[in-house]
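*Asks:* Mind looking over this structure? Questions follow.
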């Protein structure tokens, strides 16, 4: 299997790379945090800009919260959803692992689709859902906390025990849960340190509800580093300066907010910005270079498997995602799942040692997901002569107009290069007869002249017409910044 055999270590051997010599099978990672806190009580565990939590305070809080959760009926193996402010979610997540429960970040969509599989809800009321078995985080909870006796006992965990579920931020509408056993979790955070934590201190601008934020959090506290909690763009920028952050990972949307807050010429230690989730555009990159002095690096991958490629942004080809990382086996295949030649366009599939083999509760589709030991993300692309992956769009964004095929991503890139817009995205509307009609949604302080836009569209594909044109305040995106084309299609329904 080539690169896969030479990639990340398989079962058990990963633990040798950890600085904690006492780690082994049956040991709960939370015990490592407890040990570190005894020797380094004043080290900062969590920093959110407005507050710093030392390892001593972290452990004291976690052990009290654990005792409270146990008294409320949380048990090992329970699936527990958390919907609270980020700082408390960090503490609750550690307490749940101490108990041996399975944690996940709650959203309305997750509850709608998976509520029956969730045993407990921990909420501060910020989520408009309720559960028959719920722990409410309010003044009464904190007042009652002092009545409990802190517990340092940790549940024994097998490497095959499920400890976390992270939901993929795909564009299908249905959230798909990616299961992390203890071994999956430790393998992924070890891989994350190698693939996208190039310099410390490191900060993720993606929260605990994303796989990047989750990995960053667990890697940081298990290894005695500081986890920097995500707040507003202004506070994030202040943390980057004050805490001398050297590298970070973010999404294009979060980067855009950060750049908007930054001042030209301000000195910072920040040297590396990595972007995942969706494509960058030349205007955002130019602003990033101007204000922060950095050209962002692409990280392409998935919640399901992890980082697949890495490469510096190329203004001449914004959809060039770079070279495949060492622990991934990637192929481009045709509709019959046969590998295609270099520069041949097709479906992207990849795999790595230690990845899951199905979604939580096995929610695969026919063409995407975990199939025969490969993961199919639903993306199209090709490998160029330099061995770089070039993205060609989504499998469900292929348009066929009178025999002429193109992908909506291709049209997006063509329109972006016109510099008529701040942001732009195309979308499809199917008529009752099954015919595809094209719509364009854009963000711009100065709307383009319709005749020039029509000319630009026809230059992309002869005789191509767009039926709908919307000027909106912002493009709808998922939590990682991917364009939500389904929401754009709904704009048409709203006016009909």
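Numbering (our numbering), first residue to last: 36 to 531. We put the CB at the ideal spot given by N, CA and C, even for glycine.
Have a look at residue 188 and residue 170 and give me their C-alpha separation to the nearest angstrom.
*Replies:* Counted from its first residue, the chain shown places residue 188 at position 153. Counted from its first residue, the chain shown places residue 170 at position 135. Cα-Cα distance, rounded: 21 Å.
*Asks:* With contact counted as at least three CB pairs below 8 Å, one residue from each stretch, are the stretch 504 to 520 and the stretch 312 to 331 in contact?
*Replies:* yes
*Asks:* Per DSSP, what kind of secondary structure is residue 502 in: helix, strand or coil?
*Replies:* Here residue 502 refers to the residue found at position 467 of the chain shown. Correct three-state label for residue 502: coil.
*Asks:* Cα separation between residue 39 and residue 358?
*Replies:* Along the chain shown, read from residue 1 onward, the residue named residue 39 stands at position 4. Along the chain shown, read from residue 1 onward, the residue named residue 358 stands at position 323. Because residue 39 carries a pLDDT of 30, less than 50, the predicted location of this residue cannot be relied on, and the following value inherits that uncertainty. Separation of residue 39 and residue 358 (C-alpha to C-alpha, rounded to the nearest whole angstrom) is 15 Å.
*Asks:* Extract the residue ranges of the alpha helix (DSSP H) inside the stretch 425 to 489, only unbroken runs of 4 or more that lie entirely within it.
*Replies:* 443 to 451
*Asks:* Please go through the stretch 198 to 277 and give each complete beta strand (DSSP E) segment of 3 or more residues, from N-terminal end onward.
*Replies:* 211 to 216, 237 to 239
*Asks:* To the nearest angstrom, how far is the alpha carbon of residue 483 from that of residue 264?
*Replies:* Residue 483 sits at position 448 when you count from the first residue of the chain shown. Residue 264 sits at position 229 when you count from the first residue of the chain shown. Going by the C-alpha atoms only, they are around 40 Å apart.
*Asks:* Bridge partners of residue 355, per DSSP?
*Replies:* Here residue 355 refers to the residue found at position 320 when the chain shown is read from its first residue. Its beta-bridge partners are 425.
*Asks:* State yes or no: is the C-beta of residue 386 within less than 8 Å of the C-beta of residue 410?
*Replies:* As a working mapping, residue 386 is identified with position 351 in the chain shown. As a working mapping, residue 410 is identified with position 375 in the chain shown. Closer than 8 Å, so yes.
*Asks:* Kindly indicate which residue of 471, 477, 442 has the alpha-carbon position closest to the one of residue 458.
*Replies:* Start at 1 with the first residue of the chain shown, and residue 458 comes out as number 423. For the residues 471, 477, 442, the minimum Cα distance to residue 458 belongs to 477.
*Asks:* So for residue 418, helix, strand or coil by DSSP?
*Replies:* As a position in the chain shown, residue 418 is number 383, starting the count at 1. Residue state, collapsed to three classes: strand.
*Asks:* Could you give the distance in angstroms between the alpha-carbon of residue 373 and the alpha-carbon of residue 126?
*Replies:* Here residue 373 corresponds to residue number 338 of the chain shown, with the count starting at 1. Here residue 126 corresponds to residue number 91 of the chain shown, with the count starting at 1. So the two alpha carbons sit approximately 47 Å from each other.
*Asks:* Have a look at residue 294 and residue 167 and give me their C-alpha separation to the nearest angstrom.
*Replies:* On the chain shown, residue 294 is found 259 positions in, with the first residue counted as 1. On the chain shown, residue 167 is found 132 positions in, with the first residue counted as 1. Roughly 44 Å separates the two Cα atoms.
*Asks:* Going straight from the alpha carbon of residue 509 to that of residue 524, what length do you get?
*Replies:* Within the chain shown, the letter at position 474 stands for residue 509. Within the chain shown, the letter at position 489 stands for residue 524. If you draw a straight line from the Cα of residue 509 to the Cα of residue 524, it comes to about 15 Å.
*Asks:* Check for me: the beta strand (DSSP E) holding residue 107 runs from which residue to which?
*Replies:* Locating residue 107 in the chain shown gives position 72, counting from the first residue. Run containing residue 107: none; DSSP gives neither H nor E here.
*Asks:* Express the C-alpha separation of residue 179 and residue 71 in angstroms, rounding to a whole number.
*Replies:* Locating residue 71 in the chain shown gives position 36, where the first residue counts as 1. Locating residue 179 in the chain shown gives position 144, where the first residue counts as 1. Near 28 Å, if we compare the C-alpha coordinates of residue 179 and residue 71.
*Asks:* Applying the criterion that 16 or more other CB atoms from any shown protein chain within 10 Å of the CB defines a buried residue, is residue 218 buried or exposed?
*Replies:* Locating residue 218 in the chain shown gives position 183, counting from the first residue. Its Cβ being crowded by 16 or more others within 10 Å, residue 218 is buried.
*Asks:* Taking a contact to mean a Cβ-Cβ separation below 8 Å, would you say residue 234 touches residue 306 in this structure?
*Replies:* Here residue 234 refers to the residue found at position 199 when the chain shown is read from its first residue. Here residue 306 refers to the residue found at position 271 when the chain shown is read from its first residue. Yes, these two residues count as a Cβ contact at 8 Å.
*Asks:* If you drop the 5 nearest sequence neighbours on each side, which residues of the same chain put their C-beta closer than 6 Å to that of residue 296?
*Replies:* Residue numbering aside, residue 296 sits at position 261 when the chain shown is read from its first letter. Around residue 296: 268, 269, 272.
*Asks:* Confirm the yes/no value for this check: CB of residue 382, any heavy atom of the ligand MN, distance under 7 Å.
*Replies:* Absence of the ligand MN from the depicted structure is noted, as is the absence of any ligand whatsoever, leaving it without description.
*Asks:* What did DSSP end up calling residue 407 once you bin it into helix, strand or coil?
*Replies:* Here residue 407 refers to the residue found at position 372 of the chain shown. Residue state, collapsed to three classes: coil.
*Asks:* Anyone know if the C-beta pair for residue 424 and residue 356 falls short of 8 Å?
*Replies:* Taking the chain shown and counting its residues from 1, one reaches residue 424 at position 389. Taking the chain shown and counting its residues from 1, one reaches residue 356 at position 321. In contact: residue 424 and residue 356 (Cβ atoms closer than 8 Å).
*Asks:* For residue 89, which three-state DSSP category applies?
*Replies:* As a working mapping, residue 89 is identified with position 54 in the chain shown. Assigned with DSSP and collapsed to three states, residue 89 falls in strand.
*Asks:* Residue 417 to residue 98, Cα distance in whole Å?
*Replies:* Taking the chain shown and counting its residues from 1, one reaches residue 417 at position 382. Taking the chain shown and counting its residues from 1, one reaches residue 98 at position 63. The straight-line gap from Cα to Cα measures roughly 50 Å.
*Asks:* Which value, in whole angstroms, describes the spacing of the CA atoms of residue 232 and residue 332?
*Replies:* Position 197 of the chain shown holds residue 232. Position 297 of the chain shown holds residue 332. If I take the Cα positions, the gap works out to 12 Å.
*Asks:* Report the rounded CA-to-CA distance for residue 130 versus residue 335, giving the unit in angstroms.
*Replies:* As a working note, residue 130 is residue 95 in the chain shown. As a working note, residue 335 is residue 300 in the chain shown. Rounded to the nearest angstrom, the two C-alpha atoms are 32 Å apart.
*Asks:* How about residue 95 and residue 185: do their beta carbons lie closer than 8 Å?
*Replies:* On the chain shown, position 60 is the one that residue 95 refers to. On the chain shown, position 150 is the one that residue 185 refers to. The answer is yes: Cβ separation under 8 Å.
*Asks:* Kindly indicate if chain B contains any beta-carbon less than 8 Å away from that of residue 275.
*Replies:* Protein chain content of the structure displayed is limited to a single chain, and chain B is not contained in it.
*Asks:* Hey, out of 520, 468, 437, 256, whose CA is closest to residue 549's CA?
*Replies:* This structure cannot settle anything about residue 549, because the visible part of the chain is limited to 36 through 531.
*Asks:* Residue 227: buried (16+ other C-beta within 10 angstroms of its C-beta) or exposed?
*Replies:* Taking the chain shown and counting its residues from 1, one reaches residue 227 at position 192. Answer is buried; the Cβ neighbour count reaches 16.
*Asks:* Report the option in 251, 361, 486, 445 whose CA atom is closest to the CA atom of residue 460.
*Replies:* Walking along the chain shown from the start, residue 460 turns up at place 425. Cα-wise, what sits closest to residue 460 is 445.
*Asks:* CA-CA distance, residue 211 and residue 337?
*Replies:* Counting from 1 along the chain shown, the entry for residue 211 is found at position 176. Counting from 1 along the chain shown, the entry for residue 337 is found at position 302. Roughly 12 Å between the two C-alpha positions.
*Asks:* Could you work out which residue in 420, 363, 396, 148 is closest to residue 408 when comparing CA atoms only?
*Replies:* Taking the chain shown and counting its residues from 1, one reaches residue 408 at position 373. The shortest C-alpha separation from residue 408 is found at 363.
*Asks:* Below 8 Å CB to CB, which residues in the same chain sit around residue 262 once its five sequence neighbours on both sides are set aside?
*Replies:* Mapped onto the chain shown, residue 262 falls at position 227. If we look at residue 262 and ignore the five residues flanking it on each side, its Cβ neighbours are 80, 81, 82, 125, 251, 252, 255, 256.
*Asks:* Taking the alpha-carbon positions, what's the residue 349 to residue 427 distance?
*Replies:* Working through the chain shown from its first residue, we reach residue 349 at position 314. Working through the chain shown from its first residue, we reach residue 427 at position 392. So the two alpha carbons sit approximately 15 Å from each other.
*Asks:* Spatial neighbours of residue 244 within its chain, please: CB distance less than 8 Å, with the 5 preceding and 5 following residues excluded, ordered by chain position.
*Replies:* Taking the chain shown and counting its residues from 1, the one referred to as residue 244 is at position 209. Around residue 244: 140, 142, 201, 202, 514.
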